[in-house]
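Input: a single structure, listed below in structure tokens.
Numbering (our numbering), first residue to last: 83 to 398.
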């Protein structure tokens, strides 16, 4: 699933999103090794606020995150050899007040999920503020949109058409093409490395698993550079089951370590998010996926998100 932690102050840092290792291996195995592309649209909602007091009772930190973010991501991948390829990812980002608050609160109530402190704020508004020691380091309180930070990746796959499992080495860089003042970009460069593996359970061959783990390194400067950590760890795990010749169901966990030096729940702890979705083949060369996301570690990732992905596969 093309989902990850899209909380406004996390998504700008360029943490790598999961990719389907099996699809990349299939692209390399095809005779023509023609280009592959993916278009993903997602919309997330966050609504949380907190403050941290020093030992003398003075306010140390205050954060408010309230709004929605729509993200249109276009990715294309080319095979450069029998085992490697390049991928280019271009995101378009829009921060907006949205209209999902009432539906999300009803969803949480229906399933007994935590609603954080949404009731403290006006529904369908936008305001992102972070203050430290009385100094306001960040504020965004109006709708903004634009190009996000572009990512370029090199991928190497160990495996072949005869094996039931495949391994992947992934190296990438995020370039500061977005605008830090609009939170469409971080204003700095980051680099990452990730190792992943995929296969099928021997006793349950209809189930496919995928695991990956990696690290991200952040350049100085940019959004909240005063408190941003130098690096972070990432990990993803997913299980997929084909229920028919055209349909597949999938569950995915996405996590990362702390990315900021902060005592707030919103940006001071690691993230853990659950994504659940289903995909359907549209002929031999296209597929469509629908998914939703829910935060497991509350406040550190979006309360709720929805996404849709269209994929194009190369000719065999």
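Every residue, glycine too, gets a C-beta built ideally from N, C-alpha and C. The structure presented is a predicted model; accordingly, all values stated were derived computationally and were not measured.
**Contacting residues, own chain, Cβ-Cβ under 8 Å from residue 87 (five flanking each side not counted)** = Correct list, in chain order: 93, 97, 336, 338, 353, 355, 382, 383, 384.
**Prompt:** Cα separation between residue 363 and residue 165?
**Reply:** If you take the alpha carbons of residue 363 and residue 165, they lie about 25 Å apart.
**Item:** Entirely enclosed beta strand (DSSP E) segments - the segment 249 to 320, minimum 3 residues
**Value:** With a minimum length of 3 residues, the continuous beta strand (DSSP E) runs that stay inside the segment 249 to 320 are 272 to 282, 289 to 300.
**Prompt:** Going along the chain, which residues of its own chain have a beta-carbon closer than 7 Å to the beta-carbon of residue 133, five neighbours each way excluded?
**Reply:** Cβ neighbours of residue 133 beyond the five flanking positions: 141, 143, 144.
**Request:** Less than 8 Å between the CB atoms is what I'm expecting for residue 298 and residue 316, so what's the real figure, rounded?
**Result:** Indeed, because the Cβ distance is near 6 Å, the residues count as touching under 8 Å.
**Item:** residue 110 to residue 162 span [Cα, whole Å]
**Value:** One C-alpha to the other measures close to 9 Å.
**Message:** Between 396, 392, 366, 334, which has its C-alpha nearest residue 375's C-alpha?
**Reply:** Cα-wise, what sits closest to residue 375 is 334.
**Asked** Skipping 5 residues on each side, what residues in its chain have a beta carbon closer than 7 Å to that of residue 160?
**Response** Annotation for residue 160: 117, 167, 168 place their beta carbon closer than 7 Å to its own, counting only its chain and skipping 5 residues before and after.
**Message:** In the DSSP output, what is residue 346 paired with across the bridge?
**Reply:** Answer is none; residue 346 lacks a bridge partner.
**Asked** Measuring CB to CB, does residue 228 end up less than 7 Å from residue 264?
**Response** Yes, Cβ-Cβ distance for residue 228 and residue 264 is below 7 Å.
**Request:** Just mark residue 175 as buried or exposed, buried being the case when its beta carbon has 16 or more other beta carbons within 10 Å.
**Result:** Buried.
**Request:** May I ask you to report which of helix, strand or coil DSSP gives residue 367?
**Result:** Taken through DSSP and simplified to helix, strand or coil, residue 367 comes out as coil.
**Asked** Between which two residues does the alpha helix (DSSP H) containing residue 105 stretch?
**Response** Start and end: 103 to 111.
**Request:** With DSSP collapsed to three states, give me the class of residue 351.
**Result:** Here residue 351 sits in coil by DSSP.
**Request:** Grab me the residues of residue 371's own chain with a C-beta within less than 6 Å of its C-beta, minus the 5 sequence neighbours each way, in chain order.
**Result:** Excluding sequence neighbours, residue 371 sits near 359, 361, 391.
**Message:** Between the segment 99 to 108 and the segment 271 to 283, can you find at least three pairs of beta-carbon atoms closer than 8 Å?
**Reply:** Result yes; three or more Cβ-Cβ pairs closer than 8 Å.
**Asked** Going by alpha carbons, who is nearest to residue 292 out of 238, 330, 322?
**Response** Comparing Cα-Cα distances from residue 292 to each of 238, 330, 322, the minimum goes to 322.
**Item:** Counted within 10 angstroms of its Cβ, other Cβ atoms place residue 350 as buried (16 or more) or exposed
**Value:** So residue 350 counts as buried.
**Item:** Helix, strand or coil at residue 83 [DSSP, three-state]
**Value:** Reduced to three states, the DSSP call for residue 83 is coil.
**Message:** Output needed for residue 329: all residues of its chain with C-beta closer than 6 Å, excluding positions within five of it in sequence on either side, in chain order.
**Reply:** Cβ neighbours of residue 329 within its own chain (closer than 6 Å, five residues either side excluded): 362.
**Prompt:** Taking DSSP as the reference, what is the three-state secondary structure of residue 97?
**Reply:** If DSSP states are grouped into helix, strand and coil, residue 97 belongs with coil.
**Message:** Give me, in chain order, the residues of the same chain whose beta-carbon lies closer than 8 Å to that of residue 224; leave out the 5 immediate sequence neighbours on both sides.
**Reply:** Result list for residue 224: 208, in chain order.
**Asked** Which same chain residues, not among the five before or five after residue 154, have their C-beta less than 6 Å away from its C-beta?
**Response** The residues 123, 174, in chain order, have a CB closer than 6 Å to that of residue 154 in the same chain once the five nearest residues on each side in sequence are set aside.
**Message:** In the DSSP output, which residue or residues are listed as bridge partners for residue 146?
**Reply:** Secondary-structure assignment with DSSP links residue 146 through a beta bridge to 131, 211.
**Request:** Would you mind giving the Cβ-Cβ distance between residue 304 and residue 268, rounded to the nearest angstrom? I have them listed as a contact below 8 Å.
**Result:** Between residue 268 and residue 304 the Cβ distance is about 4 Å, and since that is below 8 Å, they are a contact.
**Message:** Less than 7 Å between the beta carbons of residue 294 and residue 107, yes or no?
**Reply:** Note that the C-beta distance between residue 294 and residue 107 is not below 7 Å.
**Request:** Please report how far the alpha carbon of residue 236 lies from the alpha carbon of residue 127, in whole angstroms.
**Result:** When rounded, the distance between both Cα atoms is 32 Å.
**Prompt:** Given that a residue counts as buried once 16 or more other Cβ atoms are within 10 Å of its Cβ, and exposed if not, what is residue 389?
**Reply:** Label assigned to residue 389: buried.
**Item:** 8 Å CB neighbourhood of residue 289 in its chain, flanking five on each side removed
**Value:** Contacts found: 282, 283, 321, 322, 323.
**Message:** I'd like the span of the beta strand (DSSP E) that includes residue 166, first residue to last.
**Reply:** For residue 166, the enclosing beta strand (DSSP E) stretches over residues 166 to 178.
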